[in-house]
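J.:
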Amino acid sequence: MDINEIREKVNAFLVEELEIDESKIAEDARLKEDLGIDSLEVVDVIVLVDQEFGFKMRPEHFKELKTYGEFCQFIADRFV
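Laid out in structure tokens, this is it:
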């Protein structure tokens with residue numbers, strides 16, 4: 000799976016499941032501040048990563064990520 004496929008899936012679940020405005024999603028968008036992903040939604044994101052990409056993401060991994068780009072790259076690194 001390449002980075003563009005990952006971005007498409009991530010965009011889809013951010014917009015559909017978390018109701019984030021698609022216009023806010025950008026490579027350097029900050030997960031908390033710009034996209035508004037709060038601590039309760041982190042659980043949803045972790046479940047969605049498992050469902051969409053087939054691996055378990057730990058909450059502490061998500062908390063280390065600051066931007067949308069870092070998040071997508073974290074997922075991409077699992078497919079190398």
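Sequential numbering of the sequence shown, starting at 0, is according to numbering that gives the first Met the number 0. No residue lacks a Cβ here, since even glycine has one placed at the ideal position from N, Cα and C. Just so it is clear, the structure is predicted and the values come from calculations on it, not from any experiment.
Determine the closest residue to D147 out of E51, T66, G53, with distance taken between C-alpha atoms.
T.: The chain is shown from 0 up to 79; residue 147 falls before or after that span and cannot be answered.
J.: V9 and C71: beta carbons closer than 8 Å?
T.: It is a contact, given that the beta carbons lie within the stated cut-off.
J.: Starting from G68, trace the alpha helix (DSSP H) in both directions and tell me its first and last residue.
T.: Unbroken alpha helix (DSSP H) run through G68: 67–76.
J.: For the ligand COA, I want to know if N10 counts as a neighbour, meaning its beta carbon is within less than 7 Å of at least one of the ligand's heavy atoms.
T.: Of ligands this structure carries none, so the ligand COA is not represented either.
J.: Which residues mark the beginning and the end of the alpha helix (DSSP H) in which D37 is found?
T.: Looking at the DSSP string, D37 is not in any alpha helix (DSSP H), and its letter there is neither H nor E.
J.: For R29, which residues does DSSP report across the bridge?
T.: DSSP output for R29 lists T66 as bridge partner(s).
J.: According to DSSP, is E18 part of a helix, a strand, or is it coil?
T.: E18 falls in the coil class under three-state DSSP.
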